[in-house]
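In what follows, a single structure is set out as structure tokens and then discussed.
2 protein chains.
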Amino acid sequence: MTSQGRARMIGLDWGTTSCRAFLLGDDGEVLAERRQQSGVKALTASAVSAGTPRTEAFERAYEQLCGEWLETLPKLPVVACGMVGSNQGWVETPYRSLPVDLVDNGFVMTTVPARDGSVVHIIPGLIADQGVPDVIRGEETQVLGALGESSWTSDNSNIDRIVLLPGTHSKWVRVAGTTVRAFKTFMTGEFFALLTTESTLSQLASPSGNANWEAFGKGLDVAASASVGGGILGTAFSARTLAMTGGIAADEVEDYLSGLLIGDEVASASTLWREVDVDEVLICGEADLSERYRRALVKFDLPTPRGISDSAATGMWRLAVAAGLVGQLDPSHPTPQASPVSARQQHRSASTTYREPGN
Amino acid sequence: MTSQGRARMIGLDWGTTSCRAFLLGDDGEVLAERRQQSGVKALTASAVSAGTPRTEAFERAYEQLCGEWLETLPKLPVVACGMVGSNQGWVETPYRSLPVDLVDNGFVMTTVPARDGSVVHIIPGLIADQGVPDVIRGEETQVLGALGESSWTSDNSNIDRIVLLPGTHSKWVRVAGTTVRAFKTFMTGEFFALLTTESTLSQLASPSGNANWEAFGKGLDVAASASVGGGILGTAFSARTLAMTGGIAADEVEDYLSGLLIGDEVASASTLWREVDVDEVLICGEADLSERYRRALVKFDLPTPRGISDSAATGMWRLAVAAGLVGQLDPSHPTPQASPVSARQQHRSASTTYREPGN
Chain A
1 MTSQGRARMI GLDWGTTSCR AFLLGDDGEV LAERRQQSGV KALTASAVSA
51 GTPRTEAFER AYEQLCGEWL ETLPKLPVVA CGMVGSNQGW VETPYRSLPV
101 DLVDNGFVMT TVPARDGSVV HIIPGLIADQ GVPDVIRGEE TQVLGALGES
151 SWTSDNSNID RIVLLPGTHS KWVRVAGTTV RAFKTFMTGE FFALLTTEST
201 LSQLASPSGN ANWEAFGKGL DVAASASVGG GILGTAFSAR TLAMTGGIAA
251 DEVEDYLSGL LIGDEVASAS TLWREVDVDE VLICGEADLS ERYRRALVKF
301 DLPTPRGISD SAATGMWRLA VAAGLVGQLD PSHPTPQASP VSARQQHRSA
351 STTYREPGN
Chain B
1 MTSQGRARMI GLDWGTTSCR AFLLGDDGEV LAERRQQSGV KALTASAVSA
51 GTPRTEAFER AYEQLCGEWL ETLPKLPVVA CGMVGSNQGW VETPYRSLPV
101 DLVDNGFVMT TVPARDGSVV HIIPGLIADQ GVPDVIRGEE TQVLGALGES
151 SWTSDNSNID RIVLLPGTHS KWVRVAGTTV RAFKTFMTGE FFALLTTEST
201 LSQLASPSGN ANWEAFGKGL DVAASASVGG GILGTAFSAR TLAMTGGIAA
251 DEVEDYLSGL LIGDEVASAS TLWREVDVDE VLICGEADLS ERYRRALVKF
301 DLPTPRGISD SAATGMWRLA VAAGLVGQLD PSHPTPQASP VSARQQHRSA
351 STTYREPGN
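Order-wise, the sequence lines are chains A and B. Per UniProt numbering, the first sequence runs over residues 1 to 359. Per UniProt numbering, the second sequence runs over residues 1 to 359.
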């Protein structure tokens, strides 16, 4: 039996800038992975410039990524998460409102019938309303993957965790057991990019090599200092004055700004949920960025976080199980799989209470 | 006697993007005003591209602006404030350290002998150290102008004021009498420009016409709401989610962001100096922007501010008096004026304790 012979489903982590396809085996084991730069942004742009429907661009990217797998195993369930379900994606899918138990029975995915006869099931994003709306798409799947198997099955609703997904738009997700109670988006990565490439501060900066932890720590200190105060609008100018007065070198400006920004984010987040007794913090992110957040969390007296790598495939597997698309493996019976038809029927009966564009 | 016959000095408000020249008469009355786009940035760039010394570009701009006046009245004292005294300006001038009585006797300007024989006296900027350095150049002169004549002469050291100069880099200056106790720079205007032109939020925005006070007020509300929290890094994303969910229209996004940013600035500033019992707040700025800050100050329970228009010329007059370059008019005596030679001698004896580039 080849590795593909054991395949149970395909998972697509389809975000703004790239798409990763996973061939998953028993219990969500990753048998194979493929990646393309065909993110939602590039596909939408190519459809606009070609004057063709957006769906065509998504179809083609889907066939390039998964065509070979589906030729061999045409009945594999296909699940996708991320911006592919936004109003700029393949098809727009509704959000689920908080609080949400991620693995609640009967949760509904939006289905897209593809040209090759397969059906793609898109995992819904989440919407929170904490005075103003906040949304995530894709991170809910990573969160579930990050929580790990023990959380999926045992009764652990009393364990409060924060799952932190740093990036262009950092997401802080508060989870009790597998129920998402709240989340919050910080535009920290985008602010960093703007400040270090477009602002007057960027003119004083020269590229840094490896992370300069001293400069980063200095930024954290200033963010933490109540006497300096003022949030990022009031601390950012110090990158200029310190560079001018020799307090930091030109190749330290970027790490200093990184410390100011991440410090500001962590300070705000720790205030936001100060009433919650957090048992654990998990960070899902790329290594250098996770290390920056780890240092900031320690600085602001939050629990020392545990790093989790790449949890999207695991989350998609678990959500596919929760949606009834794959069953927990029982070797004595054939694998139950939702057919394209039943998936479409399921979608028709879904009560779509909230449909909004974007994210 | 023509209006120029009564001229007592020339004042140059020479900033990053423009230069304004004022011909001032008795008691600082503005007799004439000229303006050019020859700000420090453009002049430095033109010198670099022509491969000539920067001073030449400044000489030429100075002659274009003031040549006619100085031909008639070659002995007029010339005073300049702003970025002209930075390391990108005509000549780099030292900062004065806080606390500083702006009209203290014996304060020293840096002199530049011009090709036509006149001498330009550059008003020093100020440097503060509140954990990290902060600097202003030019605003100290506007502050003194804004305080008004009664503050210059009477003993009013117990009157605590905040002079607020909104703009690309907003400056909050805390003054007791004419003594600057502290100041703080907020990069609010620059963040606004970055977010509305370069960020993902700008893609959802269409230009607005007049100020939309409802959208601006909504931004203030979110900035003020502790339950939303998170500073601008944590509130900015709401411009996207509200635009997506119909909470604000596309042509309201910019005013909403303006409210978020100015609200964040005013909230931070009010925390920064919460121990000070402020008697009065003065705003020096362009009308629309001042009105935005006025609304934000009211929202954050700061004193309702008084608006002051264009105070640079008045401030330069008063500082020229303090430096002994012009005397308070006494009709029975000839006007005492510092000659270019004595001004240069004064500069030579100056103790330059702090020289740093920029701002």
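Idealized CB from N, CA, C, for every residue including glycine. If you're wondering where the values come from, they're calculated on a predicted model, not measured in any experiment.
- Using beta-carbon distances, Thr196(A) does not count as an interface residue toward chain B, since no partner is under 7 Å.
- For Gln64(B), the three-state secondary structure derived from DSSP is helix.
- Counting C-beta pairs closer than 8 Å gives fewer than three between the region 280–291 of chain B and the region 85–95 of chain B, which falls short of the contact rule.
- With a beta-carbon spacing of about 5 Å, Ala21(A) and Arg34(A) fall inside the 8 Å limit used to define contacts.
- Per DSSP, Ala322(A) is one residue of the alpha helix (DSSP H) stretching across Ala312 to Ala322.
- With respect to Gly219(B), Leu260(B) sits close: the two C-beta atoms are nearer than 7 Å.
- Around the CB of Asp129(A), fewer than 16 other CB atoms lie within 10 Å, so the residue is classed as exposed.
- Within the region 17–62 of chain A, the complete alpha helix (DSSP H) runs of at least 4 residues fall at 40–50.
- Comparing alpha carbon positions, the residue from Thr72(A), Pro124(A), Gly148(A) and Val135(A) closest to Asp116(A) is Thr72(A).
- Neighbours of Pro133(B) in chain A, taken as residues at a C-beta separation under 9 Å, are given in chain order as Ser238, Thr241, Leu242, Met244, Thr245 and Gly247.
- Two segments are said to touch when three or more pairs of C-beta atoms, one from each, lie closer than 8 Å; by this definition the region 180–194 of chain B touches the region 163–172 of chain B.
- At a cut-off of 7 Å, the C-beta of Gly285(A) has no neighbouring C-beta in chain B.
- Put simply, the backbone Cα of Pro305(B) is about 5 Å away from that of Val281(B).
- In this structure, the CA atom of Val253(A) is about 11 Å from the CA atom of Phe192(A).
- Under the Cβ distance rule, Phe186(A) counts among the residues neighbouring chain B, one pair being separated by less than 7 Å.
- In terms of beta-carbon proximity, Glu275(A) stays away from the interface with chain B, with every pair separated by 7 Å or more.
- The beta carbon of Arg295(B) is closer than 8 Å to those of Trp213, Phe216, Gly217 and Leu220 in its chain, skipping five residues each way along the sequence.
- Proximity to Thr55(B) across Gly11(B), Glu140(B), Val112(B) and Ala243(B) peaks at Val112(B), based on C-alpha coordinates.
- Distance between Asp255(A) and Asp264(A), taken at the CA atoms: about 14 Å.
- Residues Cys19 and Ala61 of the same chain have their beta carbon placed closer than 7 Å to that of Ser38(B), with the five preceding and five following residues left out of the count.
- Distance between Thr17(A) and Gly230(B), taken at the CA atoms: about 27 Å.
- Ranked by Cα distance from Thr235(B), the first of Gly285(A), Ala249(A), Ser268(A) and Met244(A) is Ser268(A).
- Looking at Ala211(B), Ala239(B), Ala313(B) and Trp69(B), the one whose alpha-carbon comes closest to that of Ser199(B) is Ala239(B).
- Around the beta carbon of Lys75(B), a 10 Å sphere encloses fewer than 16 other beta carbons of the protein chains shown; the residue is thus reported as exposed.
- In this structure, the straight-line span from the alpha carbon of Glu59(B) to that of Thr52(A) is close to 59 Å.
- For Glu190(B), a Cβ of chain A is located within less than 7 Å of the residue's own Cβ.
- In the same chain as Trp14(B), and ignoring 5 residues on each side of it, the C-beta atoms closer than 6 Å to its own belong to Ala80, Gly82 and Val84, in chain order.
- The CB of Ser46(B) never comes closer than 7 Å to any CB in chain A; the least such distance is about 17 Å.
- Within its own chain, the residues whose Cβ lies closer than 6 Å to the Cβ of Ile308(B), once the five positions on either side in sequence are excluded, are Ala146, Leu282 and Cys284, listed in chain order.
- At a cut-off of 7 Å between beta-carbon atoms, Asp264(A) makes contact with chain B.
- The shortest C-alpha to C-alpha distance from Cys66(B) to any of Val173(B), Val120(B) and Met109(B) is the one to Val120(B).
- When rounded, the separation of the alpha-carbon atoms in Glu139(A) and Leu164(B) is 42 Å.
- The C-beta of Gln203(B) has fewer than 16 other C-beta atoms within 10 Å across all chains shown, which makes the residue exposed.
- For Phe186(B), the enclosing beta strand (DSSP E) stretches over residues Thr179 to Phe186.
- Sixteen is the threshold: since fewer than 16 other Cβ atoms of the shown chains lie within 10 Å of the Cβ of Val276(B), the residue is exposed.
- With a threshold of 16 other beta carbon atoms within 10 Å, Val48(B) falls short and is exposed.
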